[in-house]
Structure formats: C-alpha cells, structure tokens
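Engineer:
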Amino acid sequence: MSDDDDSPISAREARRLFAGLRDAPALVLAVSGGPDSVALMWLAARWQRSLARGPQITVVTIDHGLRPEAAREAREVKRLAAALGLPHRTLRWRGEKPKTGLPAAAREARYRLLAQAARTAGASHVLTAHTRDDQAETLLMRLFRGSGLAGLSAMAPFTERDGIVLARPLLDVSKSQLIATLRRARIGFAEDPTNRDTAFTRPRLRALLPLLAAEGGDARNLARLAARLARANAAVEVLADGAERFLRLRDRGDAPQASVRSFEAATFAALPEEVRLRLLLRAINALGHEGPAELGKVETLMSVLDRAIAGPVAAANGRPVLKQTLAGALISLAGGRIQIAPAPARRRKGR
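Numbering (our numbering), first residue to last: 2 to 352.
#1: Alpha carbon to alpha carbon, what distance is there between F269 and A316?
#2: Compute the Euclidean distance between the alpha carbons of E138 and I341, then round it to the nearest angstrom.
#3: Give me the Cα-Cα distance between N222 and A157, rounded to the nearest whole angstrom.
#4: Pull up the CB-CB distance for R162 and Y112, whole angstroms please, since I reckon it's below 8 Å.
#5: Go ahead and pull the three-state DSSP assignment for G254.
#6: Would you identify the three-state DSSP class for A315, choosing helix, strand or coil?
#7: When you compare each of L171, T326, G329, L87 to A224 by their alpha carbons, which one comes out closest?
#8: Around the C-beta of H89, are 16 or more other C-beta atoms found within 10 angstroms, so that it is buried, or is it exposed?
#9: Does V305 pass the burial test, meaning 16 or more other C-beta atoms within 10 Å, or should it be called exposed?
#10: Would you kindly check if the distance between the Cβ of L150 and the Cβ of V237 is under 8 Å?
#11: Rounded to whole angstroms, what's the CA-CA distance from E274 to L41? Just pull it up for me.
#12: Where does T91 sit, in a helix, a strand or coil, going by DSSP?
#13: What runs of the alpha helix (DSSP H), each 4 residues or longer, lie entirely inside the region 279 to 323?
#14: When you compare the CB positions of H126 and L52, do they come within less than 8 Å of one another, or not?
#15: If we count the other Cβ atoms within 10 Å of its Cβ and call it buried at 16 or more, is F19 buried or exposed?
#16: Which residues does DSSP list as the beta-bridge partners of L30?
#17: Is it a yes or a no for the region 115 to 131 touching the region 21 to 40, going by three-plus beta-carbon pairs under 8 Å?
#18: Indicate whether L323 and L334 have their beta-carbon atoms separated by less than 8 Å.
#19: Alpha carbon to alpha carbon, how far is A45 from R169? Give it in angstroms, no decimals.
#20: Give the single residue among L206, G336, M303 whose Cα lies nearest to the Cα of R143.
#21: Let me know if K98 comes out buried or exposed under the rule of 16 or more other beta-carbons within 10 Å of its beta-carbon.
#22: Can the beta-carbon of A1 be found closer than 8 Å to that of L140?
Following this line, the structure appears as structure tokens:
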C-alpha cells in the first residue's frame, strides 16, 4: 500500500487487495457499521463492479445483542449495502451472555454465525476488515500473555475455520487510510463505544500505541515484526513436519494406530527444543479430549519428560518411567518410547 497512511485507497490499489479472491464463487463480508468494515464493503463493491465476471458478494452484520444501538447500525449497513447493489443479512447472537470472558465468547459466536451465513450463500470465503492497527494490537496482546512463536505471528491473511476460509485483505492497510477513503467517498460510519472502553484489554493497549510509536513501536513496525515472526514460524513448522516423518520412519515397524502416537525417546530428545514442543502439542491436541493444551503446561511436561529420558532408569522396561495426563491426553514413557494416547474419561463426582 501507499506509504502515506492518510491517502485514500485508489481503485488500482483496491484491485490488488482483492486480486486473490477473483475466482471465488461467492464471498461474505462481515460488516458491523464501523469505519473499517464499511470501507471493506465500499472497496469490495467497487472492485466487483470493475470485473466482467466476479464473485457474488453478500454483506452480513452480526448483532450481538449487547448494545441498544446495534439494531440501528445494522439497518444503516443494510441501507448502504442496498445503495451499493449488495444483498444484506443481519444475524443475531441469541441466548444468555456469559458474565466473564465476554469478548472471546462474542468473537466465537460471530465467527460461527458468519460461517453459517457463508454456507447458506455458497461462499468459500468470509472477509473481515482487520487492519494493520488491529495486527499491531493483536501482537501486543499475545506478547503480554506470553505467547509462543505461533501466537506472536498474530493474524494471517488467510485462515480456515469451520470449513470456510477467513480472508483479511486489509491487513496491511492502516485505519487512517480507510477513514480517508470513506471521507473522500462521503460515506458515513458508526463508532462503537466499546472500542474505547478500558474495561477491555484491546482498548487499553490501543491507548498505549501513541507512546510506543514515539519509541519506534508504531503499528507499521509492530505489524512488520508479526510478519517476520510468521515467516520464522512457518519455517519451524516445516522442520516439525520433517521431524515427525523421520520419527515415524525410525519406528519399530508396528502398524500405526490412529488413537496412539509413539516416538523413540532417544531420537526425540536429540531434536531442537522448539520442534520437540510442537510435536508434543500436535499429538496432545490431536488425541486429547479437553480442548487445546496450554503452551506453558506443555513446556512443563516437556521439561519433566526430558529429565526422565536422561535419567538412570529411562531405559527400563516394564512399568512406565513417566505417566501424566494433560488436556485429555495420556503421555507416558516406557521401554525407551514416548507414547501419547487419549486419557480415560474423568469420573464424575459422586460416582
């Protein structure tokens, strides 16, 4: 994009933003009514009109039922979508809302409803209006939570969720450019007050960005860092893939079982630490039944495992040297082999 963060996005730049989506059968745009998503809708509509034959576009607004203004904002999005020649749907998050973890629960509900809308519309992609500013904030949130390399890669331009591809075509565009684009087009937009509510983490971090920018940590540099970390993460994933194949080749020749993963302990211990960690994470998440494993807990498990492998009884046969459950998976070390399998279901209290 242009180096001038206050310049409107040109038609040529817009075509480049959406170029990879030209052959999609249909697209769903997630539009809340705020400046970022309204700009996404306006740019996508202009791009679609420039094509001789482009994907069908449906605009979807999610009303979380958390603010009284949301219904009015959805009606305004519908009005603007109609003016741009785009069909619009409003979907509502119904049911009781949680008292804690509300932002995460609302996000899960939003993506679930968007995936349903995409399937109904025959769309292969859901487009969201995440910007460079959002990318910087995401990096900071994950940094302060102690995320690993994968988490610090922040948001990817394309990710798969519930069988639908989430596309973020504005991920390298600044929010100020989107606002400049709307002002030139004389298009209004809503402002969500929760974006300034310091009861939530993201608005508090957003308020810190000007201070960080004064020290060189502006959104552009933070987003660049996320991209570099994503590049390194992709390289480590390739190494982990190769290591997993290598460990299987060194297996004893037993027929592979879908419900068990087994590694030769000595060969596993010789791998780089980050690769070992990823292999454990993959196995636990694939075979466990209690949700994704926490990175810190897997790191602790790996430290215990490393000590057990190096210990004087590591080569003993018979009884396991180590036996531990994590995230619904059972990890054991016996006879010089590490084995990960589903853990027995927990007994309910009172039984």
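Where a beta carbon is used, it is the ideal one built from N, C-alpha and C, also for glycine.
Structural biologist: So, from the data block:
#1: As a first step, residue 316 is located in the sequence shown; it is residue number 315 there, counting from the start. As a first step, residue 269 is located in the sequence shown; it is residue number 268 there, counting from the start. Low per-residue confidence applies at A316: pLDDT is 48, beneath 50, and the placement is therefore not dependable enough to give any value.
#2: For this step, residue 138 is matched to residue 137 along the sequence shown. For this step, residue 341 is matched to residue 340 along the sequence shown. Their Cα atoms are separated by approximately 36 Å.
#3: Working through the sequence shown from its first residue, we reach residue 222 at position 221. Working through the sequence shown from its first residue, we reach residue 157 at position 156. When the Cα atoms are used, N222 and A157 turn out to be separated by approximately 16 Å.
#4: As a position in the sequence shown, residue 162 is number 161, starting the count at 1. As a position in the sequence shown, residue 112 is number 111, starting the count at 1. Going by Cβ atoms, the distance from R162 to Y112 rounds to 6 Å, so yes, they are a contact pair.
#5: The residue labelled residue 254 in the question sits at position 253 within the sequence shown. With a pLDDT of 49 at G254, under the threshold of 50, the modelled position of this residue cannot be trusted; read the value that follows with caution. Taken through DSSP and simplified to helix, strand or coil, G254 comes out as coil.
#6: Residue mapping note: residue 315 aligns to position 314 of the sequence shown, counting from 1. Below a pLDDT of 50, predicted positions are generally treated as unreliable, and A315, at 49, falls in that range; the measurement from the model is reported next regardless. Shown here, A315 sits in coil according to DSSP, grouped into three states, outside any helix or strand.
#7: Residue numbering aside, residue 224 sits at position 223 when the sequence shown is read from its first letter. The option with the nearest alpha carbon to A224 is L171.
#8: Counting from one through the sequence shown, the residue named residue 89 turns up at place 88. Classification for H89: buried.
#9: Numbered from 1 along the sequence shown, position 304 holds the residue referred to as residue 305. Exposed: under 16 other Cβ atoms inside 10 Å.
#10: For the purposes of this step, residue 237 is identified with residue 236 of the sequence shown, where counting begins at 1. For the purposes of this step, residue 150 is identified with residue 149 of the sequence shown, where counting begins at 1. Yes.
#11: By one-based count along the sequence shown, residue 274 stands at place 273. By one-based count along the sequence shown, residue 41 stands at place 40. So the alpha carbons of these two residues sit roughly 42 Å apart.
#12: If you number the sequence shown from 1, residue 91 lands on position 90. Taken through DSSP and simplified to helix, strand or coil, T91 comes out as strand.
#13: If only complete runs of 4 or more residues are kept, the region 279 to 323 shows the alpha helix (DSSP H) at 296 to 311, in order along the chain.
#14: As a working mapping, residue 126 is identified with position 125 in the sequence shown. As a working mapping, residue 52 is identified with position 51 in the sequence shown. In this structure, L52 does not lie closer than 8 Å to H126 by Cβ.
#15: Within the sequence shown, numbered from 1, the residue matching residue 19 stands at position 18. Classification for F19: buried.
#16: For the purposes of this step, residue 30 is taken as residue 29 along the sequence shown, with counting starting at 1. Looking at the DSSP output, L30 sits in a beta bridge with V60, L128.
#17: Touching, yes.
#18: In the sequence shown, the residue the question calls residue 323 occupies position 322. In the sequence shown, the residue the question calls residue 334 occupies position 333. Cβ distance < 8 Å, so L323 and L334 count as in contact.
#19: Here residue 169 refers to the residue found at position 168 when the sequence shown is read from its first residue. Here residue 45 refers to the residue found at position 44 when the sequence shown is read from its first residue. Across the structure, R169 and A45 are spaced so that their CA atoms are roughly 12 Å apart.
#20: One-based indexing of the sequence shown puts residue 143 at position 142. Answer by Cα proximity: L206.
#21: As a working note, residue 98 is residue 97 in the sequence shown. Note on K98: under 16 other CB atoms within 10 angstroms of its CB, so exposed under the neighbour-count rule.
#22: Not covered by the structure: residue 1. The range shown for the chain is 2 to 352.
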